Structure formats: C-alpha cells, structure tokens
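If you're matching positions, the first sequence starts at 1 in UniProt numbering and goes up one per residue. Heads up, the beta-carbon is just placed ideally off N, CA and C, and yes, glycines get one too. Computed from a predicted structure; not experimentally measured.
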Amino acid sequence: MATDTPIDEHAVKEHDTLKYSLLGPSLTKSGQDNVDQQKVSEIIYNASKGSKYFNNEESRDKNLTQKIDRILTKKKQLEKLDLASDRRKADDYIAELELTRDLSQWIVHIDCDAFYAAVEELDRPELKDVPFSVGKGVLTTCNYHARKFGCRSGMAGFVAKKLCPQLIQIPLDFDKYTAKAQEVREIIVDYDPRFESASIDEAYLNITEYCQRNEIGPEEAIEQLRREVHEKTKITISAGIAANAKLAKICSNKNKPNGQFRLANDRSEIMAFMRDLPTRKVNGIGRVFERELDAIGVKTCGDIYGYRQFLSKLFGEKAFAFLMSCYLGLGRTTVQPAEEYERKSVGTESTFGDMSDPVELRDKLRATAEELEKDMVRTQFKGRTLCLKVKLHTYEVFTRQVIPPKAVYVADDLYKYSVPMLSKLEQEFPGLRLRLMGLRCTHLVSMKKPDTMAFFGFKKRPNESGEPDSPSSTAKRRADTLEDDDGWEAIPEELLFEDAERQEREDELNELESLSQEIDKRRHHGKEIVPNPKKQENQEEEEWWDCPICSRPQAANEKEFNEHIDLCLSRQTIRDAVQETSDLRSREPTPAPKKVKTSNDRSKGVPGDPKQRRLFFG
DNA sequence: GCGGATCAC
DNA sequence: TATGGTGATCCGC
Numbered sequence: 001m002a003t004d005t006p007i008d009e010h011a012v013k014e015h016d017t018l019k020y021s022l023l024g025p026s027l028t029k030s031g032q033d034n035v036d037q038q039k040v041s042e043i044i045y046n047a048s049k050g051s052k053y054f055n056n057e058e059s060r061d062k063n064l065t066q067k068i069d070r071i072l073t074k075k076k077q078l079e080k081l082d083l084a085s086d087r088r089k090a091d092d093y094i095a096e097l098e099l100t101r102d103l104s105q106w107i108v109h110i111d112c113d114a115f116y117a118a119v120e121e122l123d124r125p126e127l128k129d130v131p132f133s134v135g136k137g138v139l140t141t142c143n144y145h146a147r148k149f150g151c152r153s154g155m156a157g158f159v160a161k162k163l164c165p166q167l168i169q170i171p172l173d174f175d176k177y178t179a180k181a182q183e184v185r186e187i188i189v190d191y192d193p194r195f196e197s198a199s200i201d202e203a204y205l206n207i208t209e210y211c212q213r214n215e216i217g218p219e220e221a222i223e224q225l226r227r228e229v230h231e232k233t234k235i236t237i238s239a240g241i242a243a244n245a246k247l248a249k250i251c252s253n254k255n256k257p258n259g260q261f262r263l264a265n266d267r268s269e270i271m272a273f274m275r276d277l278p279t280r281k282v283n284g285i286g287r288v289f290e291r292e293l294d295a296i297g298v299k300t301c302g303d304i305y306g307y308r309q310f311l312s313k314l315f316g317e318k319a320f321a322f323l324m325s326c327y328l329g330l331g332r333t334t335v336q337p338a339e340e341y342e343r344k345s346v347g348t349e350s351t352f353g354d355m356s357d358p359v360e361l362r363d364k365l366r367a368t369a370e371e372l373e374k375d376m377v378r379t380q381f382k383g384r385t386l387c388l389k390v391k392l393h394t395y396e397v398f399t400r401q402v403i404p405p406k407a408v409y410v411a412d413d414l415y416k417y418s419v420p421m422l423s424k425l426e427q428e429f430p431g432l433r434l435r436l437m438g439l440r441c442t443h444l445v446s447m448k449k450p451d452t453m454a455f456f457g458f459k460k461r462p463n464e465s466g467e468p469d470s471p472s473s474t475a476k477r478r479a480d481t482l483e484d485d486d487g488w489e490a491i492p493e494e495l496l497f498e499d500a501e502r503q504e505r506e507d508e509l510n511e512l513e514s515l516s517q518e519i520d521k522r523r524h525h526g527k528e529i530v531p532n533p534k535k536q537e538n539q540e541e542e543e544w545w546d547c548p549i550c551s552r553p554q555a556a557n558e559k560e561f562n563e564h565i566d567l568c569l570s571r572q573t574i575r576d577a578v579q580e581t582s583d584l585r586s587r588e589p590t591p592a593p594k595k596v597k598t599s600n601d602r603s604k605g606v607p608g609d610p611k612q613r614r615l616f617f618g
C-alpha cells in the first residue's frame with residue numbers, strides 16, 4: 001500500500017471492502033492458504049475496473065457501507081440505554097437452548113473434493129498436472145493447481161486467465177457428474193440408508209447406528225467409508241464428524257482435501273472450538289453478515305456472547321436465535337432423505353447479450369415460459385403465483401409477481417400472465433434493456449395424485465388382493481407411483497358445490513380466462529392500448545375505455561387503465577372462486593401435506609429431487 | 001403479500 | 001471479447 005500519498009481514509013476503506021467483495025464468495029474455501037490474497041485482489045480489481053459489473057458491485061458496496069453505518073449508529077444509541085433486560089432475555093434463551101443440546105448422535109458431513117474437476121481428471125489424466133477449470137464463461141470449479149494461482153469458483157473466465165494465463169477451461173458435462181455422484185451414493189447408503197443429499201457432491205449421514213451395529217468407532221468408520229469410496233470410484237472425499245450437522249459441516253472443511261476431522265461430542269470441547277471460529281466459517285454467514293458482525297466487534301463465534309444484549313435489536317429475532325446457536329455450537333441432529341423436504345418453487349432463468357427490443361424481449365419471455373413448462377411437468381407442479389425476474393444491463397435485479405386466476409404450468413399461460421409484468425417494467429424503465437430473464441412458480445400445487453388424494457381422505461378402491469390399504473403400503477407406493485391411474489372413488493358429494501353453483505363458477509372461470517386473453521391482446525397487440533407510449537397520441541379520440549372485467553368506464557389513460565385492470569384481475573373474491581372451481585374440477589386440491597419445517601437453521605440448502613438438483617460451484 | 005437482499009452450492 | 005442458475009429465507013413495508 002502506498003503510504004506516501006494522502007488518501008481520504010473513508011475512500012480507502014470503501015476501496016478495501018469492495019476489493020474484498022470482488023474476491024468472491026468462496027474465499028474461505030480450501031486451497032487458498034498459500035495464495036497471496038493481496039496480489040490476487042489487485043489483479044481482479046484491475047481486470048474488473050470500469051465494467052458494468054464492477055460499477056454495480058461498487059454501488060452495492062456503498063449501500064452496504066451505509067447500512068453498516070446505520071447499524072453502528074443504532075448500537076451507539078442502544079449503549080446509552082439500560083439493556084439489562086435484553087441481556088437477561090438472552091441468558092434465558094441460552095439456558096433454554098442448552099437444554100436442547102443432544103450429544104448422543106454422530107453426524108457426518110462428507111464433501112467430494114473439487115468434484116467436477118476430479119471427475120474430469122478421471123477421463124483425461126493429462127489434466128492432473130496442469131491448472132484447469134470446469135465451466136467457461138464463469139468457473140464452476142477448478143482443480144487445486146488452478147487454486148494456487150487464486151482461481152476459484154464463481155470467477156469470470158477472463159479474470160481467471162489473468163491470474164493464470166495457462167489455465168485450461170473445459171466445458172461442463174453435467175450428466176457425467178450425476179452418474180459419478182450416484183456411484184458415491186451407492187456406497188454411503190450402506191453407512192446410513194437415510195443419508196441426506198445436500199447437493200450433488202455433499203451429503204449428511206447419521207452413523208450412530210452403523211457404529212453400534214458394527215462395534216466400530218466413528219473415525220474408524222469414516223476412514224473406512226472414505227477408503228471404500230476412493231477404491232470404488234477413484235474420488236477423494238473430505239469428512240467432518242461431530243454431534244450435529246452444523247458442526248460436521250464446519251469440520252469437513254478442516255482437513256480438505258482428502259482428509260477428515262472429528263470434533264468430540266463434548267460440551268466444553270465444542271464451546272472451545274466455537275470460541276475461536278471466524279463467523280464466516282458458519283454455514284449461513286456470508287460476506288455481508290460477516291462485515292456487519294465485524295463492524296460491531298464480533299469476529300469469532302465466541303465474540304457473539306459479549307454482544308448478546310444488542311443482537312436481536314440490531315439484526316432481528318431470527319438472526320439473534322441463529323447467532324446464539326452458533327455461540328453454543330448447536331445444530332440439527334436429524335438427517336433425512338432430501339426427497340422428504342417440501343419443494344417451494346420451480347423456476348428457470350438465463351443470461352443473454354443485452355436486449356431491449358420489445359419484440360425480442362417477448363420472444364425471450366415466450367422461450368423462458370416454455371423452459372419453465374418443461375420443469376413444471378418434470379416436477380409435477382402447478383404454481384398459484386408467477387414471478388418474473390429481470391436483470392438490467394446494469395446488473396440491477398428486479399422481480400414482479402402476479403397471482404393468475406388459476407394455478408398455471410402450461411407455457412401459454414405462463415407467458416400470458418407474465419407479459420403484462422414485462423410491459424409494466426417497460427413503462428417503469430423506458431428503454432428497458434435486459435441481460436437476464438427468469439420465471440418462477442411459487443405456492444405450488446402438486447399434480448402427483450396418489451399422495452395428495454390420500455391426504456384429503458379419498459380412499460383408493462380395494463386393491464386386487466382385496467386387503468385394505470395400510471398406511472405403510474400407501475407410503476411405500478408413494479415413492480414410485482407417478483402414473484396417472486384413475487382408480488379413485490368419486491369425490492364425496494358434500495365436498496362439491498351444488499351443481500348450479502358449480503356451473504356458475506365454471507362459467508365465471510371460462511369467462512375470466514377469455515377476458516384475460518382479450519386484455520392481453522388489447523394491451524399488447526391491439527390498437528386501442530399499446531405498450532409503446534409514443535403511439536398513444538394517434539388514438540386519443542376516445543375519452544373512456546370500458547373495463548372488460550367490471551364494465552365500468554375508465555379514463556383513457558393507458559397507465560391508469562392497466563392499473564385498474566390489474567386491480568380487477570387480482571380481486572381476492574374472483575381469485576378464490578376460480579381457484580376452488582379449477583381445483584375441484586381437476587380433482588387436485590393439494591397443498592401436499594406439510595412434511596418438514598426447516599428449523600432456525602440458516603443454511604439454505606436446496607432439498608428436492610437429487611436427480612434434478614443443479615450444482616455449479618464445487 | 002410483495003419486492004429486495006442475502007446465502008448456499 | 002467481458003461476471004451463472006436454482007432454490008430458500010428473512011426483512012421492511
């Protein structure tokens with residue numbers, strides 16, 4: 001650092017935080033110990049400087065600095081007050097948490113080392129001794145040779161090339177990684193049949209029972225597991241063994257690659273372990289929260305205790321509870337198959353060259369809708385809410401959502417109901433120019449029949465053997481029956497609308513659907529109402545437009561008219577009536593039975609069908 | 001409930 | 001030449 005030039009101290013600080021941020025989210029990952037971070041940071045900074053990406057990062061960094069200033073101001077105010085009751089509240093909570101401590105399980109987290117790179121090396125042994133990355137535009141992962149140069153996942157390819165000019169970049173082959181991951185799973189299932197896939201290359205196991213049954217210690221068992229995986233798949237894995245999932249996850253990073261670490265199931269050892277652990281090592285504390293905590297003086301999990309009286313007021317109740325569990329080294333001791341988690345959304349998004357032509361944007365939206373339909377069919381869901389995501393050419397991200405009159409999954413519907421959101425954005429940001437577009441369905445309605453029907457109490461006809469369905473046989477069937485059988489009894493009469501009423505509601509549904517189409521046509525392809533404000537002047541003869549929904553005349557102002565229509569469309573009463581009708585009509589009521597609640601675990605893993613899980617950064 | 005922000009992988 | 005995709009959660013309004 002130049003010390004002879006006088007620089008505004010504040011500017012230097014911002015400079016540094018930005019550089020730190022530009023280093024990327026995987027800074028704490030392994031393989032970086034011998035890297036000169038200062039030099040790497042300088043190269044990344046210079047390679048990025050002036051780009052739109054850089055400008056956006058700079059802007060985000062400034063916002064965060066302001067947010068931190070507000071946090072510090074608030075902390076100063078709090079310090080003037082009597083926080084005895086807050087401290088007592090925290091102490092009571094700690095005592096309460098302590099009662100939940102469970103040291104009776106051996107939980108293991110395993111993590112394949114540089115997984116994608118390792119799989120590629122098996123196919124192409126010549127890669128073993130040279131630095132290479134998987135993924136071209138952006139690195140999804142890279143081998144340990146490349147990491148020595150400062151290359152890491154999430155980094156732009158051209159930046160990585162600056163750090164390591166001889167870097168070889170090879171394309172992704174997701175099917176290959178999935179197949180290899182399956183080989184690994186076939187081995188670990190012997191150690192815990194209910195193991196939990198956390199991603200394509202990570203899993204949690206509870207080996208308590210395995211160790212008891214085989215009269216083997218946890219460390220020995222995991223050494224054996226790792227050896228077996230290596231022998232049979234040629235993949236090396238790292239593992240952490242501890243009393244709960246949070247600790248196991250931290251431990252698996254301790255002796256990476258190809259190593260393991262055990263933290264004893266002992267309260268004081270766990271407390272000592274956490275005391276010196278940097279906050280960033282905990283799953284759920286990222287770059288932002290790390291900076292916020294650092295600003296108030298919390299650098300390690302042990303530091304949390306001394307600030308317990310401030311935390312809930314500064315960061316909220318959830319963060320308070322989470323931080324307390326970090327200080328104590330507590331975490332979940334349950335491990336369960338990923339399929340038993342409830343999926344909450346299905347979505348797709350893609351990046352492209354800057355695009356601002358309204359017709360092109362609509363084509364892109366249509367293509368996105370078609371992609372989403374595929375995923376909705378594959379996962380067997382409809383969505384009650386549809387969410388449009390855009391990223392401007394400046395990298396700013398915006399989302400907009402609507403509640404269509406019925407649960408949707410067909411591309412035509414996805415498109416139909418998302419186009420108005422796009423049009424609105426075009427009004428909001430004249431000359432809208434995008435680099436990314438995405439669609440996502442939430443508030444999912446399952447299209448899988450057996451389970452949902454059982455949940456609502458509809459009985460299956462007696463099966464062929466004549467014996468009634470036991471709960472266990474129902475559960476057993478659930479896993480693999482997706483086919484559309486029609487063996488359900490008629491829906492009990494009392495659950496249906498009266499015929500006349502049902503007919504009426506169906507009519508309402510049909511009418512509303514055709515109305516929506518009409519609205520869409522008139523808004524975006526018709527002559528009376530055009531999204532392009534420039535064309536508006538020519539069609540100002542009419543003073544009023546009739547709302548196609550409520551029939552009431554509205555001022556002939558495009559913006560207000562659209563807003564009125566949105567209001568009409570989203571009227572709760574219509575929505576509910578239509579939703580109920582369409583649900584009953586298709587005999588798929590759903591909300592699938594709530595399966596698992598995610599506790600105060602701040603980790604954001606992606607449960608769901610492991611086969612479909614996409615993982616990019618190993 | 002909506003939209004922005006953060007996080008994991 | 002020029003910085004990802006999928007999914008989850010939390011917060012402020």
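Delimiting residues of the alpha helix (DSSP H) encompassing residue i
| i | result |
| --- | --- |
| Leu323 | 317 to 328 |
| Thr233 | 218 to 233 |
| Phe115 | 115 to 123 |
| Ser51 | No alpha helix (DSSP H) holds Ser51; DSSP gives it neither H nor E. |
Residue range of the beta strand (DSSP E) that includes residue i
| i | result |
| --- | --- |
| Phe398 | 397 to 402 |
| Tyr204 | 202 to 206 |
| Gly353 | 345 to 355 |
Own chain partners of residue i with C-beta closer than 7 angstroms, once the 5 adjacent residues on each side are dropped
| i | result |
| --- | --- |
| Phe195 | Ile188, Val189, Ala203, Tyr204, Leu205, Val335 |
| Ile107 | Tyr204, Asn206, Ala242, Ala243, Asn244, Ala245, Ala248, Thr333, Val335 |
| Leu495 | With a pLDDT of only 32 at Leu495, under 50, the local geometry of the prediction cannot be trusted, and no value is derived from it. |
| Thr233 | Lys180, Glu183, Val184 |
| Gly157 | Lys136, Gly137, Val138, Leu139, Gln169 |
| Gly329 | Leu247, Ile270, Met271, Phe273, Met274 |
Within 8 angstroms, strictly: CB atoms of residue i and residue j
| i | j | result |
| --- | --- | --- |
| Thr379 | Val346 | yes |
| Cys251 | Ile241 | yes |
| Ser418 | Leu388 | yes |
| Leu422 | Leu439 | no |
| Gly24 | Arg185 | no |
| Phe132 | Ala146 | yes |
| Ile110 | Ile237 | yes |
| Ala239 | Gln212 | no |
| Phe381 | Lys364 | no |
| Tyr191 | Leu163 | no |
| Ala90 | Gln309 | yes |
| Ser350 | Met437 | yes |
| Phe322 | Gly286 | no |
Own chain residues within Cβ distance below 6 angstroms of residue i, not counting five before or after
| i | result |
| --- | --- |
| Lys594 | No answer about Lys594 holds up, because its pLDDT of 42 lies below 50 and its placement is not dependable. |
| Ser312 | Phe320 |
| His525 | Residue placement at His525 cannot be trusted, given a pLDDT of 38 that sits under 50; what the coordinates show is reported in the next sentence. Cβ neighbours of His525 beyond the five flanking positions: none. |
| Lys19 | Ser41, Tyr45 |
| Val390 | Phe398, Leu434, Met437 |
Minimum C-alpha distance to residue i - residue among the options
| i | options | result |
| --- | --- | --- |
| Glu183 | Ile270, Leu263, Asp201, Gln166 | Asp201 |
| Arg227 | Pro218, Ile216, Asn258, Glu96 | Asn258 |
| Leu425 | Pro125, Glu215, His15, Pro358 | Pro358 |
| Val408 | Asp375, Pro430, Ile110 | Asp375 |
| Ser446 | Gln401, Glu342, Pro218 | Glu342 |
| Asp276 | Gly286, Asp303, Ala160, Arg262 | Asp303 |
| His393 | Gly431, Ala367, Lys364, Leu78 | Gly431 |
| Gly150 | Ile216, Asp86, Thr28 | Thr28 |
| Ile68 | Tyr53, Ile43, Leu293 | Leu293 |
| Asp123 | Lys180, Glu340, Ser26 | Lys180 |
| Cys326 | Met274, Leu372, Leu127, Ser356 | Met274 |
| Asp36 | Tyr177, Asp412, Lys148, Ile222 | Lys148 |
| Ser199 | Pro337, Thr300, Leu263, Thr348 | Pro337 |
| Lys448 | Cys441, Pro125, Val377, Tyr395 | Val377 |
Bridge-paired residues (DSSP) for residue i
| i | result |
| --- | --- |
| Ser252 | BP columns for Ser252 are empty, so no partner. |
| Gln169 | Ser133 |
| Gly240 | His109, Phe261 |
| Val390 | Phe398, Met437 |
| Thr385 | Thr442 |
| Cys151 | The partner list for Cys151 (beta bridge, DSSP) is empty, contrary to what the question assumes. |
| Thr300 | Pro278 |
Contact set for residue i: own chain, Cβ-Cβ below 8 angstroms, skip 5 residues either direction
| i | result |
| --- | --- |
| Ser59 | none |
| Gly154 | Gly24, Pro25, Ser26, Val138, Leu139, Phe617 |
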